[in-house]
Each structure stands twice: as structure tokens, then as C-alpha cells.
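Chain order of the listed sequences is A and B. Quick note on our numbering: the first sequence kicks off at 1332 and runs consecutively. Quick note on our numbering: the second sequence kicks off at 1332 and runs consecutively. Where a beta carbon is used, it is the ideal one built from N, C-alpha and C, also for glycine. Computed from a predicted structure; not experimentally measured. Data block below; observations after.
Protein chains: 2
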Amino acid sequence: MRIRTSNGKGDINQIPEPTLRRLPGYLSFFKSLKINNVEFVSSGQIAANFKMDSTLVTKDLSYTGIKGRTKIGYNVNLLIDTIIQFLDFNSQEKAFLFGVGNLGRALIKYQGLKSYGLHIVAGFDIDPAVVNNVLNDVKIHPIDEFRDLSRKMNVRLGIITTPDAKAQEIADLMVAWGIKAIWNFTPQSIKVPDNIIVENTSVYSDLAVILNRLNNQ
Amino acid sequence: MRIRTSNGKGDINQIPEPTLRRLPGYLSFFKSLKINNVEFVSSGQIAANFKMDSTLVTKDLSYTGIKGRTKIGYNVNLLIDTIIQFLDFNSQEKAFLFGVGNLGRALIKYQGLKSYGLHIVAGFDIDPAVVNNVLNDVKIHPIDEFRDLSRKMNVRLGIITTPDAKAQEIADLMVAWGIKAIWNFTPQSIKVPDNIIVENTSVYSDLAVILNRLNNQ
DNA sequence: CATATGTTGTTAATAAAATAACAATATTGA
DNA sequence: TCAATATTGTTATTTTATTAACAACATATG
Ligand SMILES: NC(=O)c1ccc[n+]([C@@H]2O[C@H](COP(=O)([O-])OP(=O)(O)OC[C@H]3O[C@@H](n4cnc5c(N)ncnc54)[C@H](O)[C@@H]3O)[C@@H](O)[C@H]2O)c1
Ligand SMILES: NC(=O)c1ccc[n+]([C@@H]2O[C@H](COP(=O)([O-])OP(=O)(O)OC[C@H]3O[C@@H](n4cnc5c(N)ncnc54)[C@H](O)[C@@H]3O)[C@@H](O)[C@H]2O)c1
């Protein structure tokens, strides 16, 4: 699911975004290999699993700094550790989530995100029916507590799962109170200063691709 | 400018996937313009909203066949209608959803998907606590009713929101009973015959990008 | 021990996408 | 009416990503 977002880059040897996006998929595959007690895996085997070119796998993995062994392949445990390290998936980045509705609740309840580096530490909503609830140890606060909690907790990442129409006002609030990166699940494009990182997750883009493939080929 | 209507496999003028993925974002923007009674919009204004190059906007829109007016821009209503038509977002493609947990429930309950061409017509689960429930007019069935319902309803699209470890077995079942396209929300890569369309929605890829931007620039 | 072979990892070639350049032209306003 | 100009839409160029080619080499095998 991906929409290329502009990002300031000073680093000339930066990892290509397509590579970055493929790494979590590799990781998931390697974890399942580990469960099946597979010790080594070659770029060819990885490529076959994802129906892609093996040289692309090699190139992708080389960005993480991992070394394979000729005629043997890559050590699965090492692959897992290296990718987790490379992607900061053990960083437990703290995040605030705004809009604890259907999707917001699913994200908060989903424990899997923790092993991919994300720790949602608080939710915010305007609906009295959800405010002050606790889901999975995550407390839901009224919006006006954001300011104080932001100061206290030093959170850099904010997630928007409010209705589309509220996305911009929440984004403005986030910027005002020190959020550095915004993960936007609404289809609405939000406007923020250049130094703020924005990542849009658009299931609609995926849907567009699926319908196009179903109907036009 | 050439109108590109057919996107068959052999067609030289097939729409690039990046373009396809951007169209729903444009659509959302145009809808908000319509709400604000904006009648015309130029590629420059669109580009400014998304912080992108205006020629790319022009190119993207040209694939849908829409014509702009020099010095005026594009008609907003026409843009909306044309993109919806182009993306088959009024097709109400029927879909089965497997695994009515946190995420599956959110998708079923989310009415917004209807205006993006998707109509989830039934859910399937193994948990007795959810089987036979009805969410938003969508009934949850036990897995073993899939075969009969599949025959009856002629559904082409299947959604996987089960736990990761079950993704492959559900995919196999789908293929066996005639599903043509699979939308996979698990990080697990699934193996299916070449003629089956697979779209993976990976929030982990988005997360990888966010953490990379936060920590490495 | 020596040779054949599978695999990595690098460099070169190709393909795809984004950006730039620019020509055509409809609209505005003097 | 006519020149100035904003905007589309095409073609060319540049950039980025993928695929191909191949050299290096560790391992297995005879
Ligand atoms: N539900 C899904 O499966 C799904 C899938 C893809 C995208 N989305 C997107 O996610 C967003 C939310 O969808 P949803 O189905 O969870 O909606 P929802 O209506 O269930 O939840 C929205 C929540 O936001 C809260 N809210 C409203 N205004 C707020 C504000 N100003 N500040 C804080 N909270 C506020 C509401 O009280 C509600 O709890 C939408 O933009 C939708 O397009 C949802
Ligand atoms: N929850 C999220 O926000 C979220 C976000 C991103 C990705 N995901 C992915 O979505 C998947 C589901 O996540 P979740 O949080 O909804 O999990 P969940 O445990 O809440 O839901 C899984 C559901 O699948 C059902 N199930 C189990 N085995 C099944 C089978 N063989 N056939 C049919 N149904 C079966 C379970 O009964 C349960 O209702 C996971 O792979 C997860 O990685 C979830």
C-alpha cells in the first residue's frame, strides 16, 4: 500500500523506499522459517517465495549490512535480528492515537504492532462513550488532555483514525504540540509544515489496484 | 491527447501502478472541493495540495481520459464522475471476509468502503462467539458454509483478516472455491496460482518507512 | 587434493517513473 | 480587437528501480 510521499533527504546513500517497504515482508517470512527450524535460506529461495528476482533480494538485504555465505545462503536467525535492528522494530516508538472508532480500536487492541516497533501509549476521542475507557492498558483521553500528556510523555508519533473531515484539525493540533511524524489512515490529504513526516495509509489505493486487475485484465 | 480506456494485458498504454494508487487520493480531494462548492481546479492547485509536481498530476489525470480547459482547469464534478467510473468505484464488487476479529470487524462496520467500490456480503470465522452474529447487515458464517455460499453468490474477491498463521490455509480454500482476487491484510506472504490476483496491505511497510524517517534523517 | 557447482555480491544494462521543457491555445483584460 | 498569460497536454530528459551479467569464492564431491 503505498503512496510516495516527499521526504527531505540529505543522505546520498539512503535506502530506496521500495526496499524499505519489502523488508517487513522478508522479516515475516524469516520468522516463519525459524518456527520451522530452517537455519539457512538462499536469495533464490526467498525470491521464489515472493515471486521476485533473486538479485533484487540480494540487493535489498545488502542494505541492512548482512553477509550471506556462498553456497549456503543467509543465516535465518541473523537475518531476523539484523532486519529488526535495521528497521528499529525493537525501538517501541511511543504513539498517540486520535479517533478510537472501528479502526482505532482495532489498532490499539492489536498486540502484533509491538513486535514491529510501535507502542500506542494513549488514545484520544471526543465521544463521551469511549473517553476514559481502557483498552489493552491503553487509556482513552478527552482531546483537551493532549497538551499536558504531550509534554509529559515526549511522544513523537501521532496516528489519525478520526472521520475524514476531522483529519486536518487533528493534524494541526499535533503539529502545535510537538508531534514529529503523522500516520494518517484517512483518505484526506493533510497539510503540515515541511519538517513534519507524513505517511498515508490508503486502503483505497489497494482497492483501486484490485478492482483494476479484476476488471481490466 | 490519447484516451486510454483499455487496460488489457497486451495494451501498451496500461496505466502505471503509481498513477492508479494516486487516483483515490485525488478523488477524495475533489470530493472535498465539491463540498466547498469549488467548480474548477487546475493541475497546479492539485499539485500544491499534495506537494507534488503539476505535470505529474496532468499525466495521471490524462489516463482517465478527462479533458481540462486551458486557463480554467478541470471541472470538479466531471473529475469525480470520471475517476469513479475509471476505477470502477460504483461497481459494488462483492467480497467475502475471513477472520472477523479486530480488523475484520472494523472493515465490515466501515460504511465508507461502499463508496470506493467494495461491498462485503458475508463474513466467515471459526470462533463460535462471532459465528451467526450480524454486523451491519453482514452475517458471519462458519467456514464450512463458504462452499455453498460461494456457489450461490458468485463472489470474486476474498479478504483475509485471520491471524497470520492461518492466511495460507484460507487462501487455499479461496482458490479451491473460485475466488479470483485475494486481499491479504496479514504480513504473511501467500502462495497461489499465477492467475489469482493478490494484493497485500502491509501496515508494517508503512511503519518501516515512518520509523526510518524519524530515526535516520 | 582438485574440480565442479551453487551462491553471493558487484557492476552494467534496461525499464519505469518523475521531472523538465515547451508548444498550443483558450481566456482575460487592456 | 488583440496582446499577455495561465494552463493544458505532449515530448524529451533525468532520475530511480529492476533485471541481467558476471566475477569471486566457499563448499561439496570424486
Ligand atoms: N474502519 C475501517 O476499517 C477503515 C478502513 C480504512 C480507512 N478507514 C479510515 O479511518 C477513519 C476512521 O474510520 P472508522 O471506521 O474507525 O470511523 P469511526 O466513526 O468508527 O471512528 C471515528 C472515531 O473518531 C472519533 N472522533 C470524531 N471526531 C474526533 C475528533 N475531533 N477528535 C478525536 N476523535 C474524534 C469518533 O468519536 C469515533 O470514535 C476514516 O477516515 C476512514 O476512512 C477506516
Ligand atoms: N488489528 C489491526 O489493527 C491490524 C492491523 C494490521 C494488520 N493486522 C493483521 O490482521 C490480521 C488479524 O488481526 P486482528 O487483530 O483482527 O486479529 P484477531 O485475533 O482479533 O482476529 C482474528 C479472527 O480470525 C478468526 N480466525 C482464526 N482462525 C480462523 C480460520 N481458520 N478461519 C476463519 N477465521 C479464523 C478468529 O476467530 C478471530 O475472530 C493479523 O494477521 C494482523 O497481522 C491487524
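Would you call the CB atoms of residue i and residue j closer than 7 Å?
i: residue 1388 (chain B); j: residue 1378 (chain B); result: yes
i: residue 1451 (chain B); j: residue 1428 (chain B); result: yes
i: residue 1355 (chain B); j: residue 1535 (chain A); result: yes
i: residue 1433 (chain A); j: residue 1426 (chain B); result: no
i: residue 1403 (chain A); j: residue 1360 (chain A); result: no
i: residue 1530 (chain A); j: residue 1540 (chain B); result: yes
i: residue 1491 (chain A); j: residue 1463 (chain A); result: no
i: residue 1509 (chain A); j: residue 1533 (chain A); result: no
i: residue 1523 (chain B); j: residue 1498 (chain B); result: no
i: residue 1431 (chain A); j: residue 1471 (chain A); result: yes
i: residue 1443 (chain A); j: residue 1422 (chain A); result: no
i: residue 1407 (chain A); j: residue 1358 (chain A); result: no
By the criterion of Cβ-Cβ separation under 7 Å, what are the contact partners of residue i in chain B?
i: residue 1562 (chain A); result: Any question about residue 1562 (chain A) goes unanswered here, given that chain A covers just 1332 to 1548.
i: residue 1381 (chain A); result: 1520
i: residue 1394 (chain A); result: The premise fails here: residue 1394 (chain A) is roughly 11 Å from chain B at the closest Cβ pair, so nothing lies under 7 Å.
i: residue 1348 (chain A); result: 1540
i: residue 1356 (chain A); result: 1518, 1520 and 1533
i: residue 1351 (chain A); result: 1539, 1540 and 1543
i: residue 1502 (chain A); result: None at all; the shortest Cβ gap to chain B is about 14 Å.
From the DSSP secondary-structure annotation, give me the bridge partner or partners of residue i.
i: residue 1514 (chain A); result: A:1490 and A:1530
i: residue 1468 (chain B); result: For residue 1468 (chain B), which the question treats as bridged, DSSP gives no partner whatsoever.
i: residue 1429 (chain A); result: A:1455 and A:1491
i: residue 1405 (chain A); result: A:1372
i: residue 1473 (chain A); result: A:1456
i: residue 1449 (chain B); result: B:1424
i: residue 1400 (chain A); result: A:1404
What does the alpha-carbon distance come out to for the pair residue i and residue j?
i: residue 1396 (chain A); j: residue 1445 (chain A); result: 24 Å
i: residue 1488 (chain B); j: residue 1475 (chain A); result: 42 Å
i: residue 1494 (chain B); j: residue 1440 (chain A); result: 14 Å
i: residue 1391 (chain A); j: residue 1506 (chain A); result: 34 Å
i: residue 1486 (chain B); j: residue 1477 (chain B); result: 11 Å
i: residue 1455 (chain B); j: residue 1466 (chain B); result: 12 Å
i: residue 1373 (chain A); j: residue 1521 (chain B); result: 19 Å
i: residue 1394 (chain B); j: residue 1351 (chain B); result: 9 Å
i: residue 1410 (chain B); j: residue 1349 (chain B); result: 19 Å
i: residue 1479 (chain B); j: residue 1483 (chain A); result: 56 Å
i: residue 1537 (chain B); j: residue 1401 (chain A); result: 32 Å
i: residue 1542 (chain B); j: residue 1413 (chain A); result: 15 Å
i: residue 1548 (chain A); j: residue 1469 (chain B); result: 30 Å
i: residue 1546 (chain A); j: residue 1420 (chain B); result: 11 Å
i: residue 1526 (chain B); j: residue 1380 (chain A); result: 16 Å
i: residue 1416 (chain B); j: residue 1453 (chain B); result: 25 Å
i: residue 1335 (chain B); j: residue 1500 (chain A); result: For residue 1335 (chain B), the pLDDT reaches just 28, beneath the cut-off of 50, and the residue's location in the model is therefore unreliable, although a value from the coordinates is still provided. Approximately 38 Å, taken between the alpha carbons.
i: residue 1318 (chain A); j: residue 1461 (chain B); result: Not covered by the structure: residue 1318 (chain A). The range shown for chain A is 1332 to 1548.
i: residue 1333 (chain A); j: residue 1504 (chain B); result: Because the pLDDT at residue 1333 (chain A) is just 35, under 50, the model does not fix this residue reliably, and the point stays unresolved.
i: residue 1362 (chain A); j: residue 1382 (chain B); result: 38 Å
Using a Cβ cut-off of 7 Å, pull out every chain A residue sitting near residue i, in sequence order please.
i: residue 1528 (chain B); result: 1541, 1544 and 1545
i: residue 1360 (chain B); result: 1520
i: residue 1447 (chain B); result: 1535 and 1538
i: residue 1419 (chain B); result: 1542 and 1546
i: residue 1460 (chain B); result: Within 7 Å Cβ-Cβ: nothing; residue 1460 (chain B) doesn't reach chain A, min ~15 Å.
i: residue 1511 (chain B); result: 1545
i: residue 1553 (chain B); result: For chain B, the structure presents residues 1332 to 1548; residue 1553 (chain B) sits outside this window and is missing.
Only counting the same chain, and skipping five residues up and downstream in sequence, which positions put a Cβ closer than 6 Å to that of residue i?
i: residue 1528 (chain A); result: 1512
i: residue 1435 (chain A); result: 1428 and 1492
i: residue 1353 (chain B); result: 1391
i: residue 1375 (chain B); result: 1385
i: residue 1399 (chain A); result: 1405
i: residue 1544 (chain B); result: none
Give the residues of chain B in contact with residue i, contact being defined as C-beta atoms less than 8 Å apart.
i: residue 1440 (chain A); result: 1433
i: residue 1508 (chain A); result: Within chain B, no residue comes near residue 1508 (chain A); the closest Cβ sits about 17 Å away, beyond 8 Å.
i: residue 1453 (chain A); result: Near residue 1453 (chain A) there are no residues of chain B at all, since even the closest Cβ is about 18 Å away, more than 8 Å.
Cβ closer than 8 Å: which chain A residues qualify as neighbours of residue i?
i: residue 1422 (chain B); result: 1542 and 1546
i: residue 1498 (chain B); result: None at all; the shortest Cβ gap to chain A is about 10 Å.
Using a Cβ cut-off of 9 Å, pull out every chain A residue sitting near residue i, in sequence order please.
i: residue 1391 (chain B); result: Those do not exist, as residue 1391 (chain B) stays about 12 Å from chain A at its closest Cβ, beyond 9 Å.
i: residue 1487 (chain B); result: 1545
If you drop the 5 nearest sequence neighbours on each side, which residues of the same chain put their C-beta closer than 7 Å to that of residue i?
i: residue 1384 (chain A); result: 1378
i: residue 1518 (chain A); result: 1495, 1533 and 1535
For residue i, which residues of its own chain have a beta-carbon under 8 Å away from its beta-carbon, when the five flanking residues on both sides are left out?
i: residue 1457 (chain B); result: 1473 and 1474
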